[in-house]
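These notes concern the structure reproduced below.
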Amino acid sequence: MEFSRLFLNDRAPLPSRLMLVALLLILALRIWFCAQAPIETTDLYRHLGFTSHFLENPTGFYGLLPSEFPDEFWSDFWSDVPYIYPPVALLFFAFFGTLGIGLFWVKLVLTLCDCVTAWLIGRSFSWWAALLVFSAPVSVWYTSHEGQYESMVTLLMVSSIYFVRQGRWKLAGAAFMLALQTKQLAILIAPYLLFEIFHRIRPKQLRAVKGFLTGFGAAFLPFLPFYYWRPGLWFLALQNQENMLNPYYWPFFCSNTSIAHFDECSTFRALWNVIVSFTPLALLALFLARGHFRRKFPQALPSIGFWALIKSAAWVMNWYMLLLPACSFTLWRYRRCTMALLVIYWLQCGQQLSSIIGDIRIEEPATIARFHKCIWWADYRAGE
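Okay, here's the thing in structure tokens:
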């Protein structure tokens, strides 16, 4: 009964048979991708290998370096970079890595996160939107094939927004805190959450504040030891900004510094990314110019902030785009704008398009072969 009240009490009609068939076909493709070895990134294997050592030294884990495990295959990837991800990501991968569960099962769970995200958006907003989210090439590839974990973050962000819509403030606060403990970029929906809390009349506003903070605080308590063991761990990801690669950077044609961000990108991919990153900003500018600025701006700020941050950062990966559905969902009151943003999200596939003409960097054949052997079960501490 409680589950039905939380997740099924929406007025959006069920998807048509044709749309349901499309969603099932996409799910089948994604499950097939889960059974393939990653070819473009080594992150999934590194996560599992590194975190398989968590239980050996929980208090000092964030101080370890891969170079301390020279006999293990995963330690060759970013060997001088410690584990920089928040506690939820750490615990998720530690579970699979410690038990030796294969890459397929990890990717399947991440794919199911995308499935639930699409379902929540479909139930509460539009099944067309759900189809766009679940079938987006960038999501199909980087979640189901490559095993990037941003789908977990997106699910928690969308869940927080969903619970806000239902007035479930404790659950909204808890989901937001869990999102923050999974990836730092979840902070982008904070302006929307503040807007939802403080634009209400005073009695409801106080109830919202109390409920949200209760859920937020309760969800944070289990992670307090991590911040005692490693103060400032939430900011460890900023170490990546010492590197330089950003295929979405601002004026790629204006200076040598700007061009340096595109060193690994073809001209086609760079131009495509310029189009699909400036278009949502132009759309949002037009949206805000059409009145009610003070009300619209906090709801649009997650998407604006996302692009401002992504286009300004020194180091940005293609799979960061997977957070866009959550940032767009904060505009659920404005159906046309939200749908337009999700269509543009579907087009965030510059890498996939450019790979058709041969513009793709893949891992060494020996590395891919190793990943293929680890699809079902694996000893992530094994060496060459």
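To convert, take the position in the sequence shown, counting from 1, and add 3; that gives the numbering used here. For every residue, glycine included, the Cβ atom is placed at its ideal position computed from N, Cα and C.
Apart from the 5 residues on each side of it in sequence, Ile347 sits with its Cβ closer than 7 Å to the Cβ of Val279, Thr282, Pro283 in its chain, given in chain order. Beta-bridge pairing by DSSP links Ile104 to Trp380. Ser163 is not a Cβ neighbour of Thr114, given a cutoff of 9 Å. Beta-bridge partners of Leu181 (DSSP): none assigned. If you look at Trp232, you'll find it in the alpha helix (DSSP H) that goes 227-232.
Here the alpha carbons of Ala189 and His295 stand approximately 26 Å from one another. When C-alpha distances from Asp266 are compared across Met247, Leu274, Leu21, Val277, the shortest belongs to Met247.
Where Cys330 is concerned, the enclosing alpha helix (DSSP H) starts and stops at 327-332. In this structure, the alpha-carbon of Asn276 lies about 7 Å from that of Gln351. Inclusion of Gly150 and Thr217 in the CB contact set at 9 Å is not warranted, their separation being larger than that value.
For Trp335, the secondary structure class from DSSP, reduced to helix, strand or coil, is coil. Distances from the alpha-carbon of Phe128 to those of Gly105, Val161, Pro41, Ser78 put Val161 closest. For Glu75, the number of other beta carbons within 10 angstroms of its own is at least 16, and it is reported as buried. Per DSSP, the unbroken alpha helix (DSSP H) holding Cys37 starts and ends at 20-37. The beta carbon of Trp310 lies closer than 7 Å to those of Ser280, Pro283, Leu284 in the same chain, with the five residues before and after it left out.
In the displayed model, Leu248 falls within a strand according to three-state DSSP.
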